[in-house]
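First to last, the sequence lines map onto chains A and B. For the first sequence, the residue numbers in our numbering are 10 to 534. For the second sequence, the residue numbers in our numbering are 88 to 439. Every residue, glycine too, gets a C-beta built ideally from N, C-alpha and C.
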Amino acid sequence: MTAANREVDRQVIPRWRDLSATIEHREVGATRRLPLGPVPAHDLEGLTARSREFQTHRSLSFAADLLSASIVVGVTPDTRDAAQLVVADAASPAMLTQTARWILRQADEVTDATTAATEPSDERRLDIARLRRGLRANPRNAVRWAELARNYVNEGHQHKAESAIKISVSMAPYDRYILRSAVRLWVHFSQPQEAARTLRHARSVVLADPWLLATEIAASSETQIPSRNIKRGREMVDGAFHPPIALSELTSALATIEMQAGSDRKARKLFRSALVDPNENSVAQAEWASGRLSGLDLGDEQMGLSAEARARRFADDDDIDAALRATWEWLADQPFSTAPATFGSYLASMCGRFQDGVTFAEAGLRPNPRNALLLNNLAFSQANLGDLEAATATLDMPTEIEGAMRPTLTATRGFVAIRSGDAERGRTLYRQAIDTMPTDVNRLRAELMLAAEEARLGAPEGDTLVAAVLAAIARVSNPQLRKWARYAVANASTGGTVTIRVNAENALSETQVLHLAKRPRGIAE
Amino acid sequence: MPPPVRIEQPASELLGRIVDGWTVTRKIERPHGSTGGHFSIGYEVESADGSRAFLKALDYSSAMRRPDVAEVLNAMTAGYQFERKVLDECERRRMNRIVRVFGAGTIVDPSFLHAVNYLIFEPAEGDVRRALDAMAHFDTAWALSTCHHAAVAVQQLHLGGLAHQDVKPSNLLTFGVSLAKLGDLGRVSKRGAEAPHDEMPVRGDRSYAPPELLYGQVDPDWTVRCQACDLYLLGSLILFMFTRTQTTAEILRRLPTPLRPGIFADSYDRVLPYVINVFDEVADAFEAQLHGQRAAELVDHFRALCHPDPAQRGDAVRRRRGQNPYDVQRLISRLDVLCHDARAGYLRKGSP
Chain A
10 MTAANREVDR
20 QVIPRWRDLS
30 ATIEHREVGA
40 TRRLPLGPVP
50 AHDLEGLTAR
60 SREFQTHRSL
70 SFAADLLSAS
80 IVVGVTPDTR
90 DAAQLVVADA
100 ASPAMLTQTA
110 RWILRQADEV
120 TDATTAATEP
130 SDERRLDIAR
140 LRRGLRANPR
150 NAVRWAELAR
160 NYVNEGHQHK
170 AESAIKISVS
180 MAPYDRYILR
190 SAVRLWVHFS
200 QPQEAARTLR
210 HARSVVLADP
220 WLLATEIAAS
230 SETQIPSRNI
240 KRGREMVDGA
250 FHPPIALSEL
260 TSALATIEMQ
270 AGSDRKARKL
280 FRSALVDPNE
290 NSVAQAEWAS
300 GRLSGLDLGD
310 EQMGLSAEAR
320 ARRFADDDDI
330 DAALRATWEW
340 LADQPFSTAP
350 ATFGSYLASM
360 CGRFQDGVTF
370 AEAGLRPNPR
380 NALLLNNLAF
390 SQANLGDLEA
400 ATATLDMPTE
410 IEGAMRPTLT
420 ATRGFVAIRS
430 GDAERGRTLY
440 RQAIDTMPTD
450 VNRLRAELML
460 AAEEARLGAP
470 EGDTLVAAVL
480 AAIARVSNPQ
490 LRKWARYAVA
500 NASTGGTVTI
510 RVNAENALSE
520 TQVLHLAKRP
530 RGIAE
Chain B
88 MPPPVRIEQP
98 ASELLGRIVD
108 GWTVTRKIER
118 PHGSTGGHFS
128 IGYEVESADG
138 SRAFLKALDY
148 SSAMRRPDVA
158 EVLNAMTAGY
168 QFERKVLDEC
178 ERRRMNRIVR
188 VFGAGTIVDP
198 SFLHAVNYLI
208 FEPAEGDVRR
218 ALDAMAHFDT
228 AWALSTCHHA
238 AVAVQQLHLG
248 GLAHQDVKPS
258 NLLTFGVSLA
268 KLGDLGRVSK
278 RGAEAPHDEM
288 PVRGDRSYAP
298 PELLYGQVDP
308 DWTVRCQACD
318 LYLLGSLILF
328 MFTRTQTTAE
338 ILRRLPTPLR
348 PGIFADSYDR
358 VLPYVINVFD
368 EVADAFEAQL
378 HGQRAAELVD
388 HFRALCHPDP
398 AQRGDAVRRR
408 RGQNPYDVQR
418 LISRLDVLCH
428 DARAGYLRKG
438 SP
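Set out below in structure tokens:
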């Protein structure tokens with residue numbers, strides 16, 4: 010099992026939500042807004058005439074005419090009356106009734122025309138069938154093609170999603186929402202070069218729009234070729250011509266580059282600037298960076314913006330229930346993304362919440378059925394729940410294995426083999442995995458798992474092995490690994506083999522015990 | 088001897104007078120559909136043979152109370168002259184779906200503070216809003232036939248090098264059950280000629296105006312600017328006849344606040360994908376109101392007429408052939424067919 014909190018580098022790749030949600034996150038619209046001017050006199054006179062006609066006739070058509078004029082020009086004292094008449098009239102056409110209800114909702118809830126709410130996003134969400142039907146009637150709707158692509162991604166239909174987003178980009182090649190959606194799709198499908206290519210044709214727009222510039226810089230970071238527009242990004246941030254919300258992602262992207270280059274001071278300053286009026290993604294980035302960068306504190310208000318940030322923070326604080334809740338929220342926001350599902354399945358399994366681990370992994374596998382990491386985490390949780398048949402089947406599913414993942418999967422196969430009663434094969438697989446693990450952290454994890462299994466099996470050298478691995482872990486300066494080891498020991502104790510915990514802790518030196526003694530919240534004694 | 092008292096608001100004191108051979112018999116609360124109707128007063132007039140007509144008198148005195156009096160008076164007189172010319176042109180070209188003008192002139196009376204300009208029109212029963220309200224049950228065939236008449240009116244104007252610019256329910260006047268004509272030519276634009284309101288980006292009623300005009304995109308090409316606007320308004324009229332809603336309001340209410348006109352500080356091109364997206368929602372909602380084999384076709388016409396992109400609006404086939412896509416001849420034929428189909432039950436509004 011793998012993918013711990015903050016172990017993987019994070020870039021400010023744009024989020025991908027439906028249009029309503031993206032607007033709610035203030036990521037669509039001109040970077041500047043016009044101040045609301047007065048309504049021209051002749052328009053007001055027309056509106057007054059509609060009001061007078063309604064007062065005279067008090068019938069459906071005249072009420073309807075006033076409602077339409079009120080939406081476009083402005084509300085009159087008679088507008089509410091007209092809306093109520095429409096709603097009360099059983100003969101009102103359904104579309105008109107909906108409009109009247111909308112006006113009544115606005116009148117009840119909204120006092121400031123500049124912040125008038127959109128319809129609840131649930132009402133606006135369309136499924137694939139409806140989107141396709143709509144596109145048959147009007148194929149020239151770039152936003153619908155992008156929404157169709159998003160739905161396809163959520164369902165795991167890669168090729169259909171790629172076709173849909175290409176059509177969308179061809180129809181609106183300079184639109185921020187479409188371009189950011191496209192970049193997110195290509196990064197999701199591990200094609201960052203394609204993401205960068207998508208933005209190349211819109212260079213003039215990218216250089217003028219901080220949202221797109223941030224996307225370009227972040228997408229380039231995913232490739233081996235760094236962005237050529239970092240200087241332009243710095244100029245834009247320094248110029249402060251755009252409002253802080255518009256610069257938030259760009260500043261975060263630049264901060265990330267500085268942090269990766271080791272310029273902590275510059276990075277810290279930029280992250281703080283990004284947090285003046287941040288969007289959700291910037292908060293998540295800053296919270297992720299705070300694990301590597303000291304002195305970067307996010308307030309409650311900022312944390313409230315981002316489920317991902319809360320999930321990471323709660324996980325650090327060992328508030329597992331809250332962390333899992335926040336991770337669900339993060340997954341609901343980005344259902345296609347492997348990141349929340351991986352994070353959730355890892356965290357849940359690490360804390361012995363194997364059923365949650367299964368649920369997270371399965372939710373992530375729906376849009377990403379061949380994701381090796383999620384399959385690995387699912388199999389691990391299934392095996393821990395005793396469903397060894399399912400775990401074996403999961404590991405036998407076709408996957409897209411990257412080189413680094415192969416040893417992890419081999420280790421999990423070893424784990425399943427041991428739990429299935431074939432200890433010898435399990436040991437062999439574990440040894441194979443440990444020998445090929447690309448990093449010390451992963452190797453130590455696998456060694457601890459094997460040692461714990463040996464102890465569980467009652468092998469004479471089990472306790473010694475556990476103690477040795479724990480000692481090695483204590484020497485590595487990796488808080489995430491230490492936390493994982495602490496939970497691994499705790500999980501072993503909840504499994505009923507108290508001896509392992511006692512022996513394991515006895516085997517540690519005093520200093521090492523200090524690292525491991527803090528019992529995580531939510532873990533039963 | 089004190090000077091004689093002169094009538095300060097002569098346009099509202101015409102009752103009982105004989106104007107151009109017509110006796111002014113009744114003041115009408117509001118003239119049937121007229122943009123800027125607040126500067127005119129309507130009367131019913133009767134000829135010696137008992138036939139009736141509608142008289143619209145320009146109320147210059149109301150303009151006197153405005154702080155921008157010179158500007159308003161100038162606009163009123165220029166507008167009056169222009170409307171007269173346009174109406175004469177319509178008469179000359181025998182546009183039988185445009186409300187006929189029976190007379191026009193100036194009333195000069197020593198007791199009036201100022202002269203009164205007037206226009207006398209053939210009398211309508213009312214506009215389509217009243218006709219719809221008077222119906223016990225919605226008549227799909229009638230609605231389509233009325234839209235057909237409106238389309239013919241638009242085509243007649245377009246063939247004469249004119250564009251109405253203010254097609255809306257209150258300007259579509261009914262003459263019995265089977266006839267509708269387009270009235271209020273006060274906002275007409277003429278190809279190659281200057282009109283008094285040409286400077287205004289939105290010439291007709293803002294609440295019906297196509298979105299490109301609300302975002303300030305005024306195409307320099309008269310055909311795109313004016314005829315495409317008429318097509319949009321015609322599509323909006325179709326929507327109104329079936330749902331009593333109209334396209335612009337339905338688009339705007341679905342459009343997120345930051346993207347609305349007056350707030351979105353960028354070009355129309357930039358907001359167009361979103362306007363198209365919500366327009367499709369409107370078209371989907373319209374389709375959901377209709378039933379029958381021909382419902383989809385009517386919605387397709389609506390989509391073509393009201394497409395938020397003027398460059399995509401109108402007849403796609405004609406556009407592909409390099410012809411004027413804003414020609415509505417084909418639409419007129421199809422509306423006629425749909426009207427017959429509606430009578431046969433292939434298109435209806437309401438529950439399936």
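Measure the alpha-carbon distance for residue i versus residue j and round it to whole angstroms.
i: Glu-338 (chain A); j: Ala-468 (chain A); result: 43 Å
i: Ala-276 (chain A); j: Val-404 (chain B); result: 57 Å
i: Arg-408 (chain B); j: Asp-306 (chain B); result: 22 Å
i: Ala-336 (chain B); j: Asn-393 (chain A); result: 58 Å
i: Glu-299 (chain B); j: Met-287 (chain B); result: 14 Å
i: Pro-97 (chain B); j: Arg-293 (chain B); result: 30 Å
i: Met-406 (chain A); j: Ser-358 (chain A); result: 20 Å
i: Val-106 (chain B); j: Phe-189 (chain B); result: 12 Å
i: Arg-133 (chain A); j: Val-37 (chain A); result: Reliability of the predicted coordinates at Arg-133 (chain A) is poor, the pLDDT of 42 falling under 50, and no value is obtained from them.
i: Ala-298 (chain A); j: Gln-167 (chain A); result: 31 Å
i: Arg-179 (chain B); j: Pro-348 (chain B); result: 40 Å
i: Leu-259 (chain A); j: Val-246 (chain A); result: 8 Å
i: Glu-231 (chain A); j: Leu-221 (chain A); result: 15 Å
i: Cys-426 (chain B); j: Arg-67 (chain A); result: 30 Å
i: Phe-373 (chain B); j: Ala-230 (chain B); result: 15 Å
i: Ala-476 (chain A); j: Arg-428 (chain A); result: 21 Å
Starting from the C-beta of residue i, find all residues in its chain whose C-beta is less than 8 Å away, skip the five residues before and the five after it, and write them out in chain order.
i: Val-358 (chain B); result: Tyr-302, Leu-346, Phe-351
i: Asp-74 (chain A); result: Arg-59, Glu-62, Phe-63
i: Ile-137 (chain A); result: Leu-157, Asn-160, Tyr-161, Glu-164
Using the three-state DSSP reduction, which class does residue i fall into: helix, strand or coil?
i: Ile-185 (chain B); result: strand
i: Trp-337 (chain A); result: helix
i: Tyr-130 (chain B); result: strand
i: Glu-409 (chain A); result: strand
i: Asn-380 (chain A); result: strand
i: Leu-102 (chain B); result: coil
i: Ser-199 (chain A); result: coil
i: Trp-25 (chain A); result: coil
i: Ile-115 (chain B); result: strand
i: Phe-345 (chain A); result: coil
i: Ser-64 (chain B); result: The requested residue 64 (chain B) does not occur in the structure, where chain B is confined to residues 88 to 439.
Quick one: what's got a C-beta closer than 6 Å to residue i's C-beta in the same chain, skipping five residues either side?
i: Pro-447 (chain A); result: Ala-413
i: Thr-334 (chain B); result: Ser-323, Leu-326, Cys-393
i: Ser-261 (chain A); result: Val-21, Ala-283, Ser-291, Gln-294
i: Arg-430 (chain B); result: Ala-228
i: Phe-366 (chain B); result: Ile-338, Pro-395
i: Ala-191 (chain B); result: Arg-171, Leu-206
Would you mind giving the Cβ-Cβ distance between residue i and residue j, rounded to the nearest angstrom? I have them listed as a contact below 8 Å.
i: Ala-392 (chain B); j: Val-362 (chain B); result: One detail in the question is off: residue 392 (chain B) reads as Leu in this sequence, not Ala. 15 Å between Cβ atoms; not a contact.
i: Pro-256 (chain B); j: Val-311 (chain B); result: Incorrect: roughly 25 Å between the Cβ atoms, too far for contact.
i: Ala-151 (chain A); j: Ile-187 (chain A); result: 6 Å
i: Gln-294 (chain A); j: Val-21 (chain A); result: 5 Å
i: Thr-261 (chain B); j: Asp-214 (chain B); result: 7 Å
i: His-51 (chain A); j: Glu-289 (chain A); result: Actually they do not touch by this definition, with Cβ atoms about 43 Å apart.
i: Leu-2 (chain A); j: Ala-372 (chain A); result: As shown, chain A starts at 10 and ends at 534. That puts residue 2 (chain A) outside it, with no answer to give.
i: Val-186 (chain B); j: Ala-211 (chain B); result: 7 Å
Under a CB-based cut-off of 8 Å, is residue i close to chain D?
i: Asp-220 (chain B); result: Any reference to chain D falls outside this structure, whose protein chains are A and B.
For residue i, collect the residues of the same chain with a Cβ closer than 7 Å to its Cβ; drop the 5 residues on either side in sequence, then sort them by chain order.
i: Ala-455 (chain A); result: Ala-420, Tyr-439, Ala-442, Ile-443, Met-446
i: Asp-423 (chain B); result: His-235
i: Leu-418 (chain B); result: Ala-238, His-388
Problem - Secondary structure, alpha helix (DSSP H): runs of 4+ residues fully inside the segment 245–324 of chain A - result: Those alpha helix (DSSP H) runs which fall completely within the segment 245–324 of chain A and span 4+ residues are 253–269, 273–283, 289–299, 309–312.
Exercise for the section: Ignoring anything shorter than 4 residues or poking outside the segment 192–271 of chain B, list the alpha helix (DSSP H) runs there in chain order. Expected result: Counting whole runs of 4 or more residues, the segment 192–271 of chain B contains the alpha helix (DSSP H) stretches 215–221, 227–246.
Exercise for the section: Starting from the N-terminal side, write out each stretch of the alpha helix (DSSP H) that is 4 residues or longer and does not extend beyond the segment 291–343 of chain B. Expected result: Correct list: 298–301, 315–330, 334–341.
Handout entry: Whole alpha helix (DSSP H) elements within the segment 43–95 of chain A, 4-residue minimum
Key = Correct list: 50–66, 69–81.
Exercise for the section: Identify every run of the alpha helix (DSSP H) within the segment 142–224 of chain A, keeping only runs that are complete inside it and at least 4 residues long; order them along the chain. Expected result: For the alpha helix (DSSP H) assignment, the uninterrupted runs of no fewer than 4 residues enclosed by the segment 142–224 of chain A are, from N- to C-terminal side, 151–164, 167–180, 185–197, 201–209, 212–217.
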